[in-house]
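Numbering (the UniProt record's numbering), first residue to last: 1 to 277.
So, in structure tokens, the structure goes:
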């Protein structure tokens with residue numbers, strides 16, 4: 001393994017065109033030892049089969065994406081969210097990762113009450129956090145860029161994420177620090193320090209900000225080095241806060257998905273060495 005890639009983790013979504021066996025093989029050929037997995041392809045392949053595949057390949061699963069969508073108001077919807085998140089926690093435990101990333105959910109129509117939606121997240125976390133802890137899994141609240149607040153995530157800043165997380169023990173609930181979502185926020189460095197002091201940085205993810213954003217904005221996460229974000233600067237913030245764990249590159253990008261996945265993985269590892277390490 002290239003020692004510069006020791007902390008590098010490729011999120012499965014970055015090369016979603018690769019099947020799980022193809023991803024495991026490509027990682028082995030490139031000397032990549034860490035992967036972040038997504039529930040949908042894992043479920044399609046089989047949770048236990050995936051666990052065996054990554055174990056046999058010598059891969060460490062750094063995170064599972066994703067749980068969350070916790071803002072529903074109706075009893076049936078809330079019960080469904082609880083059941084789905086319990087399943088996600090069990091899947092994470094089976095895969096051998098200690099971190100389940102949470103995308104908290106947007107405003108349920110026709111509500112306009114952001115504060116109320118955030119409080120409902122806390123109510124559900126009160127149920128899920130001890131359940132996860134019993135299975136050796138931490139919940140990592142991921143703030144998403146404010147453009148996603150209506151439909152995906154009412155938690156838009158690290159401040160908001162930590163205000164929720166700090167209601168629970170640090171070994172149960174922490175945060176995801178993702179450059180794509182927080183690079184614009186001048187309060188984020190101080191909030192990273194706040195999170196690190198409490199041991200609440202559960203995962204660190206990278207994607208670059210490139211413009212113009214695509215229609216729909218979801219799949220606009222740029223390749224490392226192609227955009228406006230100083231990756232070394234953000235790596236410095238989390239390391240100054242005490243974080244020494246894996247650094248996961250998670251890209252949603254139609255142009256990358258249209259290319260050969262092995263080529264994209266090799267390029268991503270090269271960009272990591274050039275712009276992060």
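Backbone N, C-alpha and C define an ideal beta-carbon position, used for all residues, glycine too.
When secondary structure is reduced to three states using DSSP, residue 204 falls in the strand class. In the DSSP secondary-structure assignment, residue 9 is bridged to 248. In its chain, beyond the 5 residues on either side, 106, 107 have a beta carbon closer than 8 Å to the beta carbon of residue 151. Counting only runs of at least 4 residues, the region 38-64 fully encloses the following alpha helix (DSSP H) elements, listed from N- to C-terminal order: 39-45, 47-56.
Where residue 135 is concerned, there is no enclosing beta strand (DSSP E), because DSSP gives it neither an H nor an E. If you look at residue 99, you'll find it in the beta strand (DSSP E) that goes 99-103. Residue environment analysis places residue 130 among the exposed positions, since fewer than 16 neighbouring C-beta atoms fall within 10 angstroms of its C-beta.
Taken through DSSP and simplified to helix, strand or coil, residue 209 comes out as strand. Within its own chain, the residues whose Cβ lies closer than 7 Å to the Cβ of residue 4, once the five positions on either side in sequence are excluded, are 273, 277, listed in chain order. Cβ atoms of residue 9 and residue 166 stay farther apart than 8 Å, at about 26 Å. By the 16-neighbour rule on beta-carbons within 10 angstroms, residue 127 is exposed.
Cα atoms of residue 54 and residue 171: separation of roughly 25 Å, rounded to the nearest angstrom. By the neighbour-count definition (other C-beta atoms within 10 Å, threshold 16), residue 244 is an exposed residue. In this structure, the straight-line span from the alpha carbon of residue 206 to that of residue 256 is close to 15 Å. Straight through space, the alpha carbons of residue 97 and residue 49 are spaced by roughly 15 Å. Looking at 154, 185, 266, the one whose alpha-carbon comes closest to that of residue 121 is 154. Taking all protein chains shown into account, residue 177 has 16 or more neighbouring C-beta atoms within 10 Å of its C-beta and is therefore buried.
Listed in chain order, the non-local C-beta contacts of residue 191 below 7 Å within the same chain comprise 158, 159, 162, local neighbours out to five positions each way being set aside.
Residue 178 is bridged by DSSP to 205. For residue 236, the enclosing alpha helix (DSSP H) has its first and last residue at 231-240.
Going by C-alpha positions, residue 91 is about 18 Å away from residue 79.
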